[in-house]
Amino acid sequence: MKELKIERIVNKSEADTRKLGLELAEKAEAGDVIALIGDLGTGKTALTRYIAEGLGIKDTISSPTFTIVKEYKSGRLPLYHFDVYRLGDGEELLDIGAEEYLYGDGICVIEWADIVADVLPEDAIAINIEYGENEGERIVNITR
Ligand SMILES: Nc1ncnc2c1ncn2[C@@H]1O[C@H](COP(=O)(O)OP(=O)(O)O)[C@@H](O)[C@H]1O
Ligand SMILES: [Mg+2]
Numbered sequence: 002m003k004e005l006k007i008e009r010i011v012n013k014s015e016a017d018t019r020k021l022g023l024e025l026a027e028k029a030e031a032g033d034v035i036a037l038i039g040d041l042g043t044g045k046t047a048l049t050r051y052i053a054e055g056l057g058i059k060d061t062i063s064s065p066t067f068t069i070v071k072e073y074k075s076g077r078l079p080l081y082h083f084d085v086y087r088l089g090d091g092e093e094l095l096d097i098g099a100e101e102y103l104y105g106d107g108i109c110v111i112e113w114a115d116i117v118a119d120v121l122p123e124d125a126i127a128i129n130i131e132y133g134e135n136e137g138e139r140i141v142n143i144t145r
């Protein structure tokens with residue numbers, strides 16, 4: 002990903018999360034892996050929706066909890082949206098053939114990525130999201 006800022010952001014509302022999603026989509030390059038880490042309800046799926054919007058994907062994005070991965074190919078780059086909540090570890094991710102996505106032609110966005118961190122590429126972008134003090138506030142830490 003081009004010129005990704007390593008930073009801590011305080012999102013005051015979902016509009017800020019949308020802004021981040023659109024920015025990530027604009028900078029995204031084939032092969033990028035975005036690892037989303039955060040409790041239930043912190044906005045992992047919401048951020049993925051805004052990344053999809055930024056890529057120009059018109060489909061409705063819903064959490065792939067049962068299928069583990071969903072593919073969206075109508076945007077600037079293919080989006081592979083993972084929700085690995087039901088997996089035990091990274092080995093199980095590789096068992097479902099994830100390598101072709103992780104090192105593929107699109108971008109991967111992975112919810113609950115801490116579970117599979119051991120098999121993600123070295124240069125994956127980690128986005129940690131926590132609840133802030135106020136309603137609608139989220140603390141977002143972006144690292145590599
Ligand atoms: N700043 C924010 N960023 C993202 N979502 C927010 C924010 N403030 C409130 N929300 C709400 O929090 C919820 C996040 O849900 P979801 O994206 O499904 O979380 P997760 O996938 O992490 O479980 C949504 O209902 C969304 O509207
Ligand atoms: Mg979710």
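The working numbering puts the first residue of the sequence shown at 2, with every later residue one more than the last.
C-beta: ideal position from N, C-alpha, C; glycine also.
Fair warning: this is a prediction, and the values are worked out from it, not measured in the lab.
- Item | Identity of the residue in I128, I58 and G137 nearest I38 by Cα | Locating residue 38 in the sequence shown gives position 37, where the first residue counts as 1. It is I128 whose Cα lies nearest to the Cα of I38.
- Task: Starting from the N-terminal side, write out each stretch of the beta strand (DSSP E) that is 3 residues or longer and does not extend beyond the segment 32-75.
- Result: Annotation: the segment 32-75 contains the following complete segments of the beta strand (DSSP E) (minimum length 3 residues), in chain order: 34-39 and 70-73.
- Unbroken alpha helix (DSSP H) run spanning L21, endpoints: Taking the first residue of the sequence shown as position 1, residue 21 is located at position 20. For L21, the enclosing alpha helix (DSSP H) has its first and last residue at E15 to K28.
- Message: Which residue marks the beginning of the alpha helix (DSSP H) containing E92, and which one marks its end?
- Response: Start at 1 with the first residue of the sequence shown, and residue 92 comes out as number 91. Note, E92: alpha helix (DSSP H), G91 to D96.
- Message: With distance defined between alpha-carbon atoms, name the residue in A16, D17, G32 and E8 nearest to E101.
- Response: Reading the sequence shown from its first residue, position 100 is the one you call residue 101. Of the listed residues, the one whose Cα sits closest to E101 is G32.
- Message: Among the candidates L25, K28, L48 and E27, whose CA atom is the shortest distance from the CA of S14?
- Response: The count along the sequence shown starts at 1 and reaches residue 14 at position 13. Comparing Cα positions, the closest option is L48.
- Name, in chain order, the residues that DSSP records as bridge partners for L5. Taking the first residue of the sequence shown as position 1, residue 5 is located at position 4. Note: L5 is not bridge-paired with any residue in the DSSP secondary-structure output.
- Where E112 sits in the DSSP three-state scheme: Within the sequence shown, residue 112 is the residue found at index 111, counting from 1. DSSP, read as helix, strand or coil, puts E112 in strand.
- Message: If you measure between the beta carbons of D115 and D90, is that distance less than 8 angstroms?
- Response: Here residue 115 corresponds to residue number 114 of the sequence shown, with the count starting at 1. Here residue 90 corresponds to residue number 89 of the sequence shown, with the count starting at 1. Pairing D115 with D90 gives a Cβ-Cβ distance that is not under 8 angstroms.
- Query: Which residues count as close to ligand 2 when the rule is a CB under 7 angstroms from any of its heavy atoms, in chain order?
  - Reply: That query returns the following residues: K45, T46, S64, D84 and E112.
- Closer than 7 angstroms: is that where the CB of N12 sits relative to any heavy atom of ligand 1? By 1-based counting over the sequence shown, the position of residue 12 is 11. Answer for N12: yes, Cβ within range of ligand 1.
- Item | Proximal residues to G76 (C-beta, below 6 angstroms), its chain only, five neighbours per side dropped | Here residue 76 is taken as the residue at index 75 of the sequence shown, counted from 1. Only residues of its own chain outside the window of five on either side were considered, and among them L56, G57 and I58 have a CB closer than 6 angstroms to the CB of G76, listed in chain order.
- Which residue comes first and which comes last in the beta strand (DSSP E) that contains L80? Along the sequence shown, read from residue 1 onward, the residue named residue 80 stands at position 79. Membership of L80 in the beta strand (DSSP E) is indicated by the continuous run L80 to D84.
- Check whether the segment 60-73 touches the segment 136-145, taking contact to mean three or more Cβ pairs, one atom from each stretch, closer than 8 angstroms. The segment 60-73 vs the segment 136-145: no contact.
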